[in-house]
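K.L.:
Shown below is the structure under consideration.
Protein chains: 2
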Amino acid sequence: MTRNKELNQKIRDGRREQILSKALMLFAARGLSATKISDIAKAADISQGLLYHYFESKDEIFVELIKNGFDRLNGACRWLEDQDMTPKEKIVFALVELLKLLEQNEDAARYHLLIAQATASESIPDQARVIIEKENSYPYEAIERIIIEGQKDDLLKKADPKDLALVFWTTINGLAIYKAVHGKSFKAPDVSILTCMFTKG
Amino acid sequence: MTRNKELNQKIRDGRREQILSKALMLFAARGLSATKISDIAKAADISQGLLYHYFESKDEIFVELIKNGFDRLNGACRWLEDQDMTPKEKIVFALVELLKLLEQNEDAARYHLLIAQATASESIPDQARVIIEKENSYPYEAIERIIIEGQKDDLLKKADPKDLALVFWTTINGLAIYKAVHGKSFKAPDVSILTCMFTKG
DNA sequence: GTCTATATCCAGATAGAC
DNA sequence: GTCTATCTGGATATAGAC
Numbered sequence: 009m010t011r012n013k014e015l016n017q018k019i020r021d022g023r024r025e026q027i028l029s030k031a032l033m034l035f036a037a038r039g040l041s042a043t044k045i046s047d048i049a050k051a052a053d054i055s056q057g058l059l060y061h062y063f064e065s066k067d068e069i070f071v072e073l074i075k076n077g078f079d080r081l082n083g084a085c086r087w088l089e090d091q092d093m094t095p096k097e098k099i100v101f102a103l104v105e106l107l108k109l110l111e112q113n114e115d116a117a118r119y120h121l122l123i124a125q126a127t128a129s130e131s132i133p134d135q136a137r138v139i140i141e142k143e144n145s146y147p148y149e150a151i152e153r154i155i156i157e158g159q160k161d162d163l164l165k166k167a168d169p170k171d172l173a174l175v176f177w178t179t180i181n182g183l184a185i186y187k188a189v190h191g192k193s194f195k196a197p198d199v200s201i202l203t204c205m206f207t208k209g
Numbered sequence: 009m010t011r012n013k014e015l016n017q018k019i020r021d022g023r024r025e026q027i028l029s030k031a032l033m034l035f036a037a038r039g040l041s042a043t044k045i046s047d048i049a050k051a052a053d054i055s056q057g058l059l060y061h062y063f064e065s066k067d068e069i070f071v072e073l074i075k076n077g078f079d080r081l082n083g084a085c086r087w088l089e090d091q092d093m094t095p096k097e098k099i100v101f102a103l104v105e106l107l108k109l110l111e112q113n114e115d116a117a118r119y120h121l122l123i124a125q126a127t128a129s130e131s132i133p134d135q136a137r138v139i140i141e142k143e144n145s146y147p148y149e150a151i152e153r154i155i156i157e158g159q160k161d162d163l164l165k166k167a168d169p170k171d172l173a174l175v176f177w178t179t180i181n182g183l184a185i186y187k188a189v190h191g192k193s194f195k196a197p198d199v200s201i202l203t204c205m206f207t208k209g
């Protein structure tokens with residue numbers, strides 16, 4: 009019996025994943041309120057009624073995706089801070105990996121766009137607002153800490169660390185949005201164009 | 009009689025401006041489909057019914073704003089190309105002015121956000137799509153031309169001009185979105201952080 | 001020109017059959 | 001678990017009074 013329960017849960021989770029993945033695509037392409045629940049159901053190849061067996065509402069799907077997005081992003085930031093690299097190496101590594109991710113992974117750009125949209129929009133579910141409020145500053149702070157560290161060692165440029173962290177993320181965001189719009193034809197710029205904003209010499 | 013007609017037209021245009029200005033604010037804050045026509049009417053301090061004496065539909069308001077946005081942006085690009093400056097001066101000038109504009113002019117950031125939203129979204133009026141299709145690449149091309157020119161003179165960095173133009177605008181876009189979100193508390197980064205991506209030495 | 005009231009439509013969510 | 005049919009609310013747009 010427990011076997012079956014576990015299996016059922018797996019199937020259930022699989023369905024949820026399938027729905028979430030299609031919803032991410034649609035939300036990123038059209039925004040929350042322009043995406044119809046019927047569109048999501050159609051994309052996931054299930055009836056609209058069935059969708060409500062897996063999620064209570066459109067908002068719940070959206071909130072779930074926002075959670076996922078921050079889990080990935082902030083998880084990656086935490087991981088980066090813990091690595092055994094110099095601050096300069098961390099910044100360069102992060103830029104290289106972020107550009108690679110944007111170019112290769114469709115969902116990565118979509119998550120960036122989703123978070124950008126959600127952060128920029130007043131009309132999102134309250135729960136999403138709460139998560140954003142709580143999680144949104146973390147990436148900026150993490151990069152700022154790394155930059156401050158690197159400035160001590162004289163390996164990174166001596167501009168205001170807050171400014172540098174701001175430019176770091178807004179640049180990545182801008183590129184993510186461009187990619188989300190232009191799709192597969194997007195070719196990431198040479199990373200050296202970006203690294204020169206942060207590194208000396 | 010002609011007097012009166014002209015005066016009436018002026019009043020009419022004034023009303024339209026008032027509506028457009030409020031609509032810009034709301035579209036930028038919430039997106040097209042999450043903005044209710046009743047919200048726009050309320051913000052413009054007129055009844056919902058009256059709004060339809062000035063615009064046929066919500067879509068028409070949106071299209072008008074997209075037109076305005078590109079008129080400003082592409083007009084500025086054309087103006088920049090015509091100036092009597094070295095390419096390097098043009099790039100630095102553009103960055104300085106864009107950052108100043110973002111910091112000081114609320115509507116400038118809103119127009120950027122509106123265009124970014126619209127470009128990124130599949131669910132916008134067909135007419136808006138047509139305008140975007142036609143106008144969107146112009147700023148990229150203008151900056152690319154300036155950069156190519158500057159590379160000949162050896163005053164600008166020798167990276168791929170397409171990459172540099174891409175980074176130029178996605179960076180500005182990223183900052184505009186950040187500003188549109190964080191409002192008045194936004195302080196633009198030091199421009200030298202950005203100029204170093206393009207200029208030599 | 002301006003408002004209030006209303007017709008119409010459509011999307012989110014539910015109910016109930018299989 | 002899955003579908004079809006339906007309820008309900010709310011938003012766009014219109015009509016008609018002043």
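Going down the list, the protein sequences come from chains P and W.
Residue numbers for the first sequence follow the numbering used here, so the first one is 9 and each next one is one higher.
Residue numbers for the second sequence follow the numbering used here, so the first one is 9 and each next one is one higher.
No residue lacks a Cβ here, since even glycine has one placed at the ideal position from N, Cα and C.
1) Tell me where the alpha helix (DSSP H) around Gly-182 (chain W) begins and ends.
2) How about Ala-167 (chain W) and Ile-74 (chain W): are their beta carbons less than 8 Å apart?
3) Does any CB atom of chain W fall closer than 8 Å to the CB of Ile-201 (chain P)?
4) Is DSSP giving Thr-43 (chain W) helix, strand or coil here?
5) Evaluate Ser-65 (chain P) with the Cβ neighbour count: other Cβ atoms within 10 Å of its Cβ, from every protein chain shown; 16 or more gives buried, anything less gives exposed.
6) Kindly list, in the order they appear in chain W, the residues whose Cβ is closer than 9 Å to that of Cys-204 (chain P).
7) Any beta carbon from chain P within less than 8 Å of Ala-51 (chain W)'s own beta carbon?
8) For Thr-207 (chain W), does the three-state DSSP call read helix, strand or coil?
9) Any C-beta of chain P sitting closer than 8 Å to the C-beta of Val-100 (chain W)?
10) Per the DSSP calculation, Leu-164 (chain P) is bridged to which residue(s)?
11) Lys-233 (chain W) to Ile-19 (chain W), Cα distance in whole Å?
12) Tell me the DSSP secondary structure of Ala-49 (chain W) in three-state form.
13) For the candidate residues W:Tyr-62, W:Ala-196, W:Arg-38, W:Asp-79, whose alpha-carbon lies nearest to that of Ala-126 (chain P)?
14) May I ask you to list, following chain order, the residues of the region 57-88 of chain W that have a beta carbon less than 9 Å from some beta carbon of chain P?
15) Please look up how many angstroms separate the CB atoms of Phe-35 (chain W) and Leu-122 (chain W), rounded, as I've assumed it's under 8 Å.
16) Looking at Val-199 (chain P): is its Cβ nearer than 8 Å to the Cβ of Val-104 (chain P)?
17) Here's a check: name, in chain order, each residue in its chain whose Cβ is nearer than 8 Å to the Cβ of Leu-59 (chain P), leaving out the five neighbours to either side.
18) Could you give the DSSP three-state label for Gln-91 (chain W): helix, strand or coil?
19) Where do the N-terminal and C-terminal ends of the alpha helix (DSSP H) with Lys-142 (chain P) fall, by residue?
20) How big is the Cα-Cα spacing for Leu-110 (chain P) and Arg-153 (chain P)?
21) So what's Asn-76 (chain W) in DSSP terms, helix, strand or just coil?
22) Note down, in chain order, every chain W residue with its Cβ under 7 Å from the Cβ of Asn-181 (chain P).
23) Using a Cβ cut-off of 8 Å (strictly closer), state whether Leu-28 (chain P) contacts chain W.
24) Leaving aside the five residues before and after Ser-41 (chain P) along the sequence, list all residues of the same chain whose C-beta is less than 7 Å from its C-beta, in chain order.
25) Skipping 5 residues on each side, what residues in its chain have a beta carbon closer than 6 Å to that of Ile-156 (chain W)?
26) Since Leu-121 (chain P) meets chain W, which of its residues come closer than 8 Å, beta carbon to beta carbon?
27) Sorted by chain position, which residues of the same chain lie with C-beta nearer than 7 Å to Gly-77 (chain P)'s C-beta, five sequence neighbours on each side aside?
28) With Glu-114 (chain W) as the anchor, note down where its alpha helix (DSSP H) starts and where it stops.
29) Quick one, which residues of the region 130-145 of chain W are near chain P if we go by CB-CB under 7 Å, in chain order?
30) Measuring CB to CB, does Cys-85 (chain P) end up less than 8 Å from Pro-147 (chain P)?
31) Taking the Cβ atom as the reference point for each residue, do Ile-96 (chain W) and Leu-183 (chain W) lie within a distance shorter than 8 Å?
32) Can you check whether the CB of Phe-194 (chain P) is closer than 8 Å to the CB of Leu-172 (chain P)?
33) Going by C-alpha to C-alpha distance, which of P:Pro-197, P:Gly-83, P:Leu-15 sits closest to Thr-178 (chain W)?
34) Could you tell me which of W:Ala-117, W:Ser-129, W:Ile-54, W:Asp-79 sits nearest to Lys-187 (chain P), measuring between CA atoms?
35) If we ignore side chains and look at the alpha-carbon of each, how far apart do Asn-181 (chain P) and Lys-208 (chain P) end up?
P.N.:
Let me lay it out:
1) 169-190
2) no
3) yes
4) coil
5) exposed
6) Lys-165, Cys-204, Met-205
7) Contacts with chain P at 8 Å (Cβ-Cβ) do not include Ala-51 (chain W).
8) strand
9) no
10) BP columns for Leu-164 (chain P) point to P:Thr-207.
11) Residue 233 (chain W) is absent from the structure shown; chain W starts at 9 and stops at 209.
12) helix
13) W:Arg-38
14) none
15) 6 Å
16) yes
17) Once the five neighbours on either side are set aside, the close Cβ partners of Leu-59 (chain P) are Ile-27, Ile-45, Ile-48, Ala-49, Ala-52.
18) The answer is coil: DSSP assigns Gln-91 (chain W) none of H, G, I, E or B.
19) Counting along the chain, the alpha helix (DSSP H) containing Lys-142 (chain P) begins and ends at 134-143.
20) 24 Å
21) helix
22) Gly-182, Ile-185
23) Chain W, which has no Cβ nearer than 8 Å to the Cβ of Leu-28 (chain P), makes this no.
24) Ser-131
25) Contacts found: Pro-169.
26) Neighbours of Leu-121 (chain P) across chain W, judged by C-beta separation under 8 Å: Ala-128.
27) Tyr-119, Leu-122, Ile-123
28) Its alpha helix (DSSP H) spans residues 114-128.
29) Glu-130, Ser-131
30) yes
31) First, the residue type needs correcting, since residue 96 (chain W) is Lys and not Ile in the sequence shown. No.
32) no
33) P:Pro-197
34) W:Ser-129
35) 24 Å
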